[in-house]
Structure formats: structure tokens, C-alpha cells
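Notes follow the structure.
Numbering (the UniProt record's numbering), first residue to last: 1 to 176.
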């Protein structure tokens, strides 16, 4: 099966993580989101499997590496629960400062799990940007697929509402 990767939360950060996971796939890439249109996009981008959080829990879907990209305690709990023994849960999303999650500490120990925080992707620009550029040039990283739509500046409030509602991934402002 190889090293499976699961991305939980398919907003702009999650779709970006998904694209990178697909580009470097060493096993199945799994996408998880509550919105059907996000799952459809993930499938179109090349995710091997797509699920809602409920399906992940009910079917016992697990991955070697899970990335929580929603910034919500329930998303973190979903990602943690879906991490295989010996696996890693990486939390990338930024939750509210007072947000709390419940994770059973005994599972971390008994299953030799690792939890990692990744602020802004923990990128090393000098290393990562050339890699991403090479992937894009070779067609392995279709970042243009992140663009949900283009807007005019006078549509900015509507565009922000769409982002907040989870209806958009990324929007580009075109200036006249």
C-alpha cells in the first residue's frame, strides 16, 4: 500500500496540501471534507479516495500520515482518529486561540503516534519554492486549479463571504 496520506479540510490550504501529496505520492492520497463539491474537486485533481468526515469514522478509514488543514477542533480530532498506528498527524490549520480538542493520550503512547504542528506549512522557501516550480513546470503541481474564479475589486466583499462559507478555494482579483 505504501505511505498513505490523508488531507482533512479542503479549503485553499488543504487543496494545496493535497496537490503536493499527489505530486509526491508514495501510496494512496485520501481527501476528506464535508462539502461534496470539495470532494469532487479533490477527485478531479487526482485524489485516490474521497470521503466525508462521517464516512471516515464509520468506515474506519486510516492513513499513515494525516494533515488537518481546516483549523477546527473537530477536523483535528478526525485527522487524529484516522491516523494509523505509528503514523503522524500534522496540524496546519489555525484554530481559534481558545479552541480545544479531545485526544486520548493513551492512544498516542500505545500506538506510537506523533502529532506535529506546522505553522504556515513550516516551509523553507530556498528549498521548497524551486521544488514547487519544478513540479509546476513538469505538470505535477497544477496550482492554477486552486483558482475558483476571478473577480473585480468591487466584488471583494462577496468573494470574502464565499471564502468564509467554504464555497471558494482561491479567488484572483483582476484590475482594469
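Glycine residues also receive a C-beta, built at the ideal position from the N, C-alpha and C atoms. Small disclaimer: the values here were computed from a predicted structure and weren't measured.
Which value, in whole angstroms, describes the spacing of the CA atoms of residue i and residue j?
| i | j | result |
| --- | --- | --- |
| residue 107 | residue 120 | 27 Å |
| residue 136 | residue 99 | 36 Å |
| residue 125 | residue 73 | 29 Å |
| residue 138 | residue 23 | 10 Å |
| residue 71 | residue 158 | 22 Å |
| residue 64 | residue 12 | 23 Å |
| residue 162 | residue 45 | 21 Å |
| residue 15 | residue 66 | 14 Å |
| residue 21 | residue 5 | 7 Å |
| residue 88 | residue 68 | 11 Å |
| residue 26 | residue 55 | 24 Å |
| residue 160 | residue 97 | 22 Å |
| residue 36 | residue 168 | 13 Å |
| residue 86 | residue 104 | 15 Å |
Does the beta-carbon of residue i have 16 or more other beta-carbons within 10 angstroms, so that it is buried, or is it exposed?
| i | result |
| --- | --- |
| residue 60 | exposed |
| residue 38 | buried |
| residue 117 | exposed |
| residue 30 | buried |
Return the chain-ordered list of same chain residues with a C-beta closer than 8 Å to the C-beta of residue i, the five sequence neighbours on each side being excluded.
| i | result |
| --- | --- |
| residue 28 | 1, 2, 4, 5, 48, 49, 63 |
Give every residue of the same chain whose Cβ lies closer than 7 Å to the Cβ of residue i, excluding the five residues on either side of it in the sequence, and list them in chain order.
| i | result |
| --- | --- |
| residue 76 | 68, 91, 101 |
Hey, residue i and residue j are a contact pair by Cβ (cut 8 Å); roughly how many whole angstroms apart?
| i | j | result |
| --- | --- | --- |
| residue 10 | residue 18 | 7 Å |
| residue 57 | residue 81 | 7 Å |
| residue 8 | residue 78 | 5 Å |
| residue 146 | residue 170 | 5 Å |
Going by beta carbon distance, what residues of the same chain come within less than 6 Å of residue i, once the five residues before and after it are set aside?
| i | result |
| --- | --- |
| residue 33 | 10, 39 |
| residue 43 | 50 |
Check whether the Cβ of residue i lies closer than 6 Å to any heavy atom of the ligand ADP, and answer yes or no.
| i | result |
| --- | --- |
| residue 137 | No copy of the ligand ADP occurs in the structure displayed, which carries no ligand at all. |
| At least three beta-carbon pairs within less than 8 Å, the region 148 to 156 to the region 127 to 135 | no
| query | When the Cβ atoms of the region 138 to 152 are set against those of the region 164 to 175, are three or more pairs found closer than 8 Å? | reply | yes
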